[in-house]
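*Asks:* Numbered continuously in the working numbering, the sequence shown closes out at residue 382. Note that the Cβ used here is the ideal one computed from N, Cα and C, for glycine as well.
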Amino acid sequence: MKDTVMTSSFLSRTSSKATELNAKPSPDFAVKLAQTKALLQLANVEFQPLTQASSLGAEDVVITHLINQLQLDIPVFVLETGALHTETLALLERTQAHSRTPIHVYRPQQEAVIQFIRDHGQDAMYQSMDLRKSCCNIRKMAPLAQALKGQRAWITGLRKEQSNARADVPLQDNSEVSTKDLTKFNPLANWSWGDVWHYIASEGVDYNPLHDQFFPSIGCAPCTRAISLGEDFRAGRWWWEDEAAKECGLHVKK
Ligand code: SF4
């Protein structure tokens, strides 16, 4: 833990604009953007009702911006786990105030959270993977099930480049159609990190200031940290666990 705290405070003193550091479009960015827009428009017409899952991270603010720009009938939902950073909560408020499309917030059952903390303590997620997953089940998976109830499809910001486990993320994932009658769209699957930030910079998209402090992904405060130069993207999440186990269940394939 000590190293992490030192790294975070060092980085916060030396933070710089994520847009300036990262905005580097691929040579075929225009093609990717057109493909993304076409996919969102197709999903909007053929897969209603559908919704976008947003963690308010860089990829998700790009997708919400596109939904608003294209005036699509796709509401957004955010899982407010009760453990988000203040920066994320502030961005949530700003997004709700300015978005054309509705931003719905889903929260965990308070009694379940209180009971879990009473039984295992505030820092249970660091004690074992089972307890970490139990916390994710209460704070994320149960509210996710509510958010997806009655939906025919959902949209995520998954990208192939994010991790080895995501290297085969398709633009349209039909693997849950037979079991849950749910299609998942990943319209940024082929985008690079540089593409994401090029879009944010060129469109002036409001983004989470944690990215200026070297947070590659946005999640719960106890389980998300800044990364150092050369570290893998997923090193910012559940850094005390094995690489292969680093998913909260939202995108795990059975
Ligand atoms: S990411 Fe951490 S704090 Fe958030 S639900 Fe999972 S274990 Fe709990």
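Distance check for GLY285 and ASP188, CA to CA, integer angstroms please.
*Replies:* What you label residue 188 is simply residue 60 of the sequence shown in a count that begins at 1. What you label residue 285 is simply residue 157 of the sequence shown in a count that begins at 1. Cα to Cα, the separation comes out at about 5 Å.
*Asks:* Shorter than 7 Å, the distance from the beta carbon of THR216 to the closest heavy atom of the ligand ADP, or not?
*Replies:* For the ligand ADP, the structure offers nothing, since it holds only the ligand SF4.
*Asks:* Quick check: what's the CA-CA separation for LYS152 versus TRP319?
*Replies:* Reading the sequence shown from its first residue, position 24 is the one you call residue 152. Reading the sequence shown from its first residue, position 191 is the one you call residue 319. Between LYS152 and TRP319, the C-alpha separation is close to 11 Å.
*Asks:* Expressed to the nearest angstrom, what Euclidean distance is found between the alpha-carbon atoms of SER144 and LYS308?
*Replies:* Locating residue 144 in the sequence shown gives position 16, where the first residue counts as 1. Locating residue 308 in the sequence shown gives position 180, where the first residue counts as 1. Their Cα atoms are separated by approximately 43 Å.
*Asks:* Which residue wins for smallest C-alpha separation from LEU316, given the options ASP201, LEU310, HIS248 and GLN300?
*Replies:* Translated into the one-based positions of the sequence shown, residue 316 becomes position 188. Selected option, being the one with the closest Cα: GLN300.
*Asks:* Would you check if there are 3 or more beta carbon pairs closer than 8 Å linking the segment 166-181 to the segment 194-204?
*Replies:* yes
*Asks:* Three-state secondary structure (DSSP) at TRP325?
*Replies:* Walking along the sequence shown from the start, residue 325 turns up at place 197. Helix.
*Asks:* Considering only DSSP beta bridges, list what TRP282 is partnered with.
*Replies:* Translated into the one-based positions of the sequence shown, residue 282 becomes position 154. BP columns for TRP282 point to THR179 and LYS312.
*Asks:* Considering only their Cβ atoms, is the gap separating ALA349 from HIS213 smaller than 8 Å?
*Replies:* Residue mapping note: residue 213 aligns to position 85 of the sequence shown, counting from 1. Residue mapping note: residue 349 aligns to position 221 of the sequence shown, counting from 1. The answer is yes: Cβ separation under 8 Å.
*Asks:* So, helix, strand or coil for LEU219, using DSSP?
*Replies:* On the sequence shown, residue 219 is found 91 positions in, with the first residue counted as 1. Helix.
*Asks:* Can you confirm whether the segment 225-241 touches the segment 253-268 when touching is taken to mean that 3 or more C-beta pairs between the two stretches lie within less than 8 Å?
*Replies:* yes
*Asks:* Would you give the residue range spanned by the beta strand (DSSP E) that ILE231 belongs to?
*Replies:* Start at 1 with the first residue of the sequence shown, and residue 231 comes out as number 103. Note, ILE231: beta strand (DSSP E), 231-234.
*Asks:* Under 7 Å from any heavy atom of the ligand SF4, does the C-beta of LYS160 make it?
*Replies:* Against the sequence shown, residue 160 aligns to sequence position 32. Checking every heavy atom of the ligand SF4 against the Cβ of LYS160, none is found closer than 7 Å.
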